[in-house]
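Encoded as structure tokens, the structure appears first; notes follow it.
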């Protein structure tokens, strides 16, 4: 007797067991700890925190382990957990000019107040595969006297001469949008666009940012400044009415200085693209800044013709949890719809063959 | 599977039916609005769920928001209760809500479905929750949400009629076999989710409340009970309900939607009911009234 070949409860349970088995790998190799991931795969942790929209190194490390190193899967785990957390308020805006700097570079000026600080970067390493395992060796960093010079943001230095558009003022009456609590609508303002980009897939934003450099919505960008370091978080509890410190988090900020324009009423000046993310995430922050700038086309009166300038296109497709879900759902059964299509194709073919077997009639008429 | 199940010990941290009450309230507001404007897509702040987008996150959120402790839940995918995703979603609600579940269409108070409407007629005490991938019926004609919202607002559905007309001009008939667009209560054109068009007539004047949830696209829409649902067509090319001309190899049904099953590599195939509960019910009934053959079942 025919038994429907449909997966049941047992099949799922067995698949999960097999998955757990594969996750563990060869039991003679020591099991990876989440502390090791948190300490040694820090950039993976940073990416999961960014796109997972949750600053928690420990949870991100657990997610990476559970996801077998598949970062999008780990991001998904963090997002699903995050969605269950209560929201008790929003912090005060972060002041990145008061950041404790670990890295700060500008490609626009050779030197500037506070100097260029390379920090922990791959930028000038030679990409020679270290087969002798020295990448794992003990390295004590070089020490220097702490520098207490303030590190003004490059864009603030330019702003003194009105050479660059001012940063948008915070604290306006307009409430800041939140696409995790309200569905995204179009046109979307910059607050929502930046939130979307901050959660957006690094690879997607990288490709879009790259496309603007190659002429699809060109903005002539300069990396005005990239800074990495720790910032203070402050929160105003309603019962106190004044700001109290919550703690410090690591952030990366990128300010792109882009194409200047002028009009009959406005003198030419540089415009900005902005990128900000958790942890050390330069590629993401730079890509975000390029795409942010491209998405300002409408606001700045530029013609919208490239994909990176098209906010519906960009914002609707940047979320990798959504994207991977919908692409991979094609694995789910579609028998019913396929059956309907099969029926139609058979019918169309039958009609085609019937028409082909009586060819001359219409011509004769 | 009919016994009440208390949530298992490893899921104590979550609220009843997973979502917190604030989120449920927000979703219920969207549902109420959707019921008030039949066929209109209400934006809602869809949450990340612990299953991937495309696996039914919209349907799961709607179900979680309408489910009460006394409800009896049925979950189907492709018409069947035993498909992997249906099993998984049913388990999710057993675990997070502890509700009773059933495979019997008539016993269920809430039915979550992907791609099918059960063969058995639904009643007034039932809610049918559809999982929707692309809620916008005009999406494949116009990719922009800003445009399609305008088209709905102005009831500007010319593009859809042109598409159906082009089908007829090219193929001789409308070449849409599933997710066949409908007009709800004479106003909004609506996507019925990717159900085969065989199921479309079941939506019309249905006694049950029909709710549609699209998680990734953040939309909820609804057809209230006893609402007019008309499949789009033309006077000279009326809507045709397609059913493969075959008989279920298990229960002998000649009126149900059939799955085609390949039985060997020499072109052998058979057809079985896609609705497993319907098929089992007919076989059980045939067994009771012995000797009357499979056609004697209900339905």
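Chains as they are written, first to last, in the numbering used here: chain A, 18 to 382; chain B, 60 to 358.
Even glycine gets a Cβ: it sits at the ideal position worked out from N, Cα and C.
Per DSSP, what kind of secondary structure is residue i in: helix, strand or coil?
i             : result
residue 288/A : strand
residue 257/B : helix
residue 136/B : strand
residue 86/B  : helix
residue 359/A : helix
residue 296/B : strand
residue 39/A  : helix
residue 163/B : coil
residue 21/A  : Note that residue 21/A scores a pLDDT of 48, beneath 50, so its modelled location is shaky; the value from the coordinates is reported in the next line. Three-state DSSP puts residue 21/A in coil, outside helix and strand.
residue 331/B : strand
residue 75/B  : coil
residue 242/B : strand
residue 269/B : strand
residue 368/A : helix
residue 171/B : strand
residue 324/A : helix
residue 117/A : strand
residue 189/B : strand
residue 181/A : strand
residue 91/B  : helix
residue 337/B : helix
residue 111/A : coil
Among the options, which one has its Cα closest to the Cα of residue i?
i             : options                       : result
residue 359/B : 177/B, 202/B, 335/B and 167/B : Missing from the structure shown is residue 359/B; chain B here goes from 60 to 358 and no further.
residue 196/A : 163/B, 276/B and 314/B        : 276/B
residue 268/A : 296/A, 144/A and 191/A        : 296/A
residue 154/B : 323/B, 243/B and 77/B         : 77/B
residue 212/B : 197/B, 170/B, 222/B and 223/B : 197/B
residue 102/B : 101/A, 25/A, 366/A and 202/A  : 202/A
residue 123/B : 290/B, 180/B, 83/B and 246/B  : 83/B
residue 4/A   : 31/A, 75/A and 248/A          : Summary: the structure shown does not reach residue 4/A, with chain A confined to residues 18 through 382, and so no result is reported for it.
residue 288/A : 266/A, 282/A, 314/A and 77/A  : 314/A
residue 348/A : 207/B, 125/B, 114/B and 164/B : 114/B
residue 339/A : 33/A, 93/A and 66/A           : 93/A
residue 269/B : 226/B, 186/B, 88/B and 79/B   : 186/B
residue 190/B : 136/B, 258/B and 214/B        : 136/B
Would you mind reading off the limits of the alpha helix (DSSP H) that contains residue i?
i             : result
residue 303/A : 299-312
residue 89/A  : 88-99
residue 252/B : Where residue 252/B is concerned, there is no enclosing alpha helix (DSSP H), given that its DSSP letter is neither H nor E.
residue 229/A : 219-230
residue 120/B : 116-125
residue 315/A : Residue 315/A -> no alpha helix (DSSP H), and no H or E assigned at all.
residue 154/B : 143-156
residue 173/A : 171-176
Which stretch, first to last residue, makes up the beta strand (DSSP E) that contains residue i?
i             : result
residue 81/A  : Careful: residue 81/A lies outside any beta strand (DSSP E), inside the alpha helix (DSSP H) at 74-83.
residue 267/A : 261-278
residue 54/A  : No beta strand (DSSP E) contains residue 54/A, which is instead part of the alpha helix (DSSP H) from 51-57.
residue 391/A : With chain A represented from 18 up to 382, any question about residue 391/A goes unanswered, as that position is not in the structure.
residue 318/B : 317-321
residue 289/B : 288-290
residue 281/B : 278-282
Listing by chain order, which chain C residues have their CB less than 9 Å from the CB of residue i?
i            : result
residue 40/A : Among the protein chains of the structure shown, namely A and B, there is no chain C.
Out of curiosity, what's the CA-to-CA distance linking residue i and residue j?
i             : j             : result
residue 185/A : residue 231/A : 28 Å
residue 337/B : residue 177/B : 8 Å
residue 120/B : residue 91/B  : 14 Å
residue 66/B  : residue 166/B : Because residue 66/B carries a pLDDT of 45, less than 50, the predicted location of this residue cannot be relied on, and the following value inherits that uncertainty. Rounded to the nearest angstrom, the two C-alpha atoms are 22 Å apart.
residue 112/B : residue 253/B : 16 Å
residue 156/B : residue 257/A : 38 Å
residue 38/A  : residue 82/A  : 13 Å
residue 365/A : residue 298/A : 54 Å
residue 171/B : residue 326/A : 39 Å
residue 276/A : residue 322/A : 17 Å
residue 183/A : residue 174/A : 11 Å
residue 245/B : residue 204/A : 29 Å
residue 252/A : residue 97/A  : 25 Å
residue 238/B : residue 194/B : 10 Å
residue 135/A : residue 75/A  : 27 Å
residue 313/B : residue 267/B : 25 Å
residue 119/A : residue 173/B : 51 Å
What distance in whole Å lies between the Cβ atoms of residue j and residue i, which are believed to be in contact at a cut-off of 8 Å?
i             : j             : result
residue 121/A : residue 272/A : Rounded, the Cβ-Cβ distance is 11 Å, inconsistent with contact.
residue 293/A : residue 270/A : 5 Å
residue 100/A : residue 107/B : 4 Å
residue 77/A  : residue 84/A  : Contact doesn't hold; Cβ gap of about 10 Å is too wide.
residue 346/B : residue 117/B : With a Cβ gap of about 39 Å, residue 346/B and residue 117/B do not count as contacting.
Would the beta-carbon of residue i be found less than 7 Å away from any heavy atom of the ligand MN?
i             : result
residue 298/B : The ligand content of the structure shown is nil, which means the ligand MN is not present either.
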